[in-house]
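There are 2 protein chains.
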Amino acid sequence: MTQIPDIPRSVDMTTQDYAYFRLRNAIMVGALRPNTALTFRGLAEQLGLSPTPIREAVRRLSSEHALEVLENRRLRVPEMTPGRFEELAQLRLVLETHAATRAFAYLSDVTIDTMARLDAQMDGAVRNRDLDALTRMNHDFHRLLYCLNPHQTVMPLIESIWLQLGPFQRRVIEDVDRTYVIDRHKEMLDAMRRRDLPGLCAAIERDIEDGSIRSGRQMLHGTTG
Amino acid sequence: MTQIPDIPRSVDMTTQDYAYFRLRNAIMVGALRPNTALTFRGLAEQLGLSPTPIREAVRRLSSEHALEVLENRRLRVPEMTPGRFEELAQLRLVLETHAATRAFAYLSDVTIDTMARLDAQMDGAVRNRDLDALTRMNHDFHRLLYCLNPHQTVMPLIESIWLQLGPFQRRVIEDVDRTYVIDRHKEMLDAMRRRDLPGLCAAIERDIEDGSIRSGRQMLHGTTG
DNA sequence: GCCGCCAAAATGTGATAGCATTTTTTATTT
DNA sequence: AAATAAAAAATGCTATCACATTTTGGCGGC
């Protein structure tokens, strides 16, 4: 019963960091499903570590709202409700278009080429049905753009939203044929090549709308928020 | 040398929570100035606690970007630069107008009255030059509005931005006559009474612009970002 | 069959100690 | 006086332990 996937650990990585990234990954790929009851000591035992670094890792994840520390000595991945999903999705729209706007001035042809290569790799992941790689590369694609701005303040917030949507988003992409996401990425690249900021924001909005919001609403029984 | 102000501690509060809120408050009121070198053990000694809960508290604050954990075994409050300030301020604009928009449907007369009372109390704090209370009540005023939406996802992000602006904002309001902020609050209340969402967002933008951005830019040697 | 009660197990929490590493200080040399 | 080397102090990290509290499981009474 390997409920929490292992991740590579470099030699200079502290145990606390290792626990953090391993739990974070487990949440992101859906290995820890919402509403699963967890305990500090249980996690420590399961990862083969002492409780101390586990507590630090969980506190961090709790600050990012990827885990909830309940009153009854239990931890859990927060549940997704239609209301919360709608809020997270709208927040994602606002934050990512804002991040794109603030990054736009730093856009260069070499960046666009890098993003185009990443997008091409994603086509392969789609064919192989490698959902983990697909999720990771999709995040990388967006992050490459947003992180062009050297004074980073938005990106951590976006990462937090991604993390909160992660466990649910995973279920979404398992069910839905999602070639359209690729198309939206192509639209983003086209707008970037034209140095068309409104077009870029519109493409990002469609990307999020098509790849997350529409299917998410559908899965949460047809709520239109 | 009481560098870190004490705060009340209820009996059921864990040491880790106490350390978190005490450090958070110290950062917010400017008791820990940017670039001050701190250590885990030093903080533990200064607060009279063991390192374990201190570490958890610092990890939380680090996740909220209120503290940086450096490579050289030191902690510090992040430094404010013109670029970072501009990013944080623009982010505050986007997040707070978005939060107001998402909260608008839940607005009621009783809420408006409560906010009006809070605003009236702020006038007293201005007369007494009680900057701690003023900061706290200003946050309370905005939070009352944004938290009307029962599916909260934005508020934690706004709190993080407030915290990052806190140490610097403190220096700003120490220097500047800030009666205009009160006027902007009145404009917000008027727009809310008219159930005028665009007017409310415009008032929020002016509130942030006047109370933070303009003077902040001025203090950071005339950058206009 | 259901509810309250009591013992036993489990849990969160925080202080402590030992270890490895880094930083700082002191001593020595050029 | 400056640079280098060695010694000393400080620091981060994590396993462990003890304590208080809570949860759990079983038992008897209604």
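Protein chains in written order, with our numbering: chain A, 110 to 334; chain B, 110 to 334.
We put the beta carbon where it would ideally sit given N, CA and C, even for glycine.
Test item: CB-CB of residue i and residue j under 9 Å
{"i": "P143/B", "j": "M189/B", "result": "yes"}
{"i": "D316/A", "j": "R293/A", "result": "yes"}
{"i": "R326/A", "j": "E195/A", "result": "yes"}
{"i": "I136/B", "j": "L272/B", "result": "yes"}
{"i": "L366/B", "j": "A209/B", "result": "Examination of residue 366/B is not possible in this model, given that chain B is present from 110 through 334 alone."}
{"i": "F277/B", "j": "M246/B", "result": "no"}
{"i": "L176/A", "j": "V263/B", "result": "no"}
{"i": "A198/A", "j": "L266/A", "result": "no"}
{"i": "N258/B", "j": "A312/B", "result": "no"}
{"i": "L141/A", "j": "V186/A", "result": "yes"}
{"i": "L132/A", "j": "A225/A", "result": "no"}
{"i": "Y255/A", "j": "E205/A", "result": "yes"}
{"i": "V138/B", "j": "D241/B", "result": "yes"}
Rounded separation between residue i and residue j - CA only
{"i": "G320/A", "j": "L152/A", "result": "33 Å"}
{"i": "K295/B", "j": "E165/A", "result": "43 Å"}
{"i": "Q125/B", "j": "Q155/B", "result": "15 Å"}
{"i": "S324/A", "j": "E283/B", "result": "50 Å"}
{"i": "P117/A", "j": "Y129/A", "result": "13 Å"}
{"i": "D228/A", "j": "F250/A", "result": "7 Å"}
{"i": "V167/B", "j": "Q261/A", "result": "21 Å"}
{"i": "F149/B", "j": "L158/A", "result": "22 Å"}
{"i": "S217/B", "j": "L243/B", "result": "25 Å"}
{"i": "T161/A", "j": "P160/B", "result": "11 Å"}
{"i": "A300/A", "j": "P307/A", "result": "8 Å"}
{"i": "Y127/A", "j": "G192/B", "result": "32 Å"}
{"i": "R252/B", "j": "Q230/A", "result": "44 Å"}
{"i": "S269/B", "j": "T123/A", "result": "26 Å"}
{"i": "D239/B", "j": "S119/B", "result": "25 Å"}
{"i": "N134/A", "j": "V178/B", "result": "22 Å"}
{"i": "Y215/A", "j": "H207/A", "result": "14 Å"}
{"i": "Q112/B", "j": "E314/A", "result": "47 Å"}
{"i": "T332/B", "j": "D121/A", "result": "Caution applies to T332/B, whose pLDDT of 47 falls short of 50 and renders its modelled position unreliable; the value that the coordinates give is listed next. Distance between the alpha carbons of T332/B and D121/A: 41 Å."}
{"i": "I322/B", "j": "H248/B", "result": "16 Å"}
Neighbouring residues, chain A, relative to residue i (Cβ below 9 Å)
{"i": "G325/B", "result": "Simply none; closest approach about 14 Å."}
Beta-carbon neighbours of residue i, restricted to chain A and to distances below 8 Å
{"i": "T161/B", "result": "T161"}
Amino acids of chain A, ordered along the chain, whose beta-carbon sits closer than 7 Å to that of residue i
{"i": "P265/B", "result": "H174"}
{"i": "R168/B", "result": "E165, R168, R169"}
{"i": "V203/B", "result": "V203, H207"}
Cross-chain neighbours of residue i in chain B, by beta carbon under 9 Å
{"i": "E196/A", "result": "R211, N258, H260, Q261, T262, V263"}
Interface partners of residue i on chain B, CB under 8 Å
{"i": "M200/A", "result": "Inspection of the sequence shows that residue 200/A is occupied by Leu rather than by Met. The contacting residues are H207, T262, V263, L266."}
Residue i Cβ short of 8 Å to the ligand MN heavy atom set
{"i": "G233/B", "result": "Ligands displayed in this structure: none; no statement on the ligand MN is therefore possible."}
inquiry  = For the region 159-172 of chain A against the region 217-237 of chain B, do three or more pairs of beta-carbon atoms, one drawn from each stretch, fall closer than 8 Å, so that the two count as touching?
reply    = no
key: Residues of the region 244-262 of chain B whose Cβ lies closer than 8 Å to any Cβ of chain A, in chain order   = N258, P259, H260, Q261, T262
message = Counting only Cβ-Cβ distances shorter than 9 Å, please list the residues of the region 142-166 of chain B near chain A, keeping chain order.
response = T161, R164, E165, A166
task = Tell me, please, whether the region 179-189 of chain B touches the region 213-227 of chain B by the rule of three or more beta-carbon pairs shorter than 8 Å.
result = no
query = At a Cβ cut of 8 Å, what residues of the region 181-194 of chain A count as close to chain B, listed as they run along the chain?
reply = T190, G192, R193
query = When Cβ atoms are compared, which residues of the region 219-244 of chain B fall closer than 8 Å to chain A?
reply = none
task = Determine which residues of the region 292-308 of chain B have a Cβ less than 7 Å from any Cβ of chain A, and write them out in chain order.
result = none
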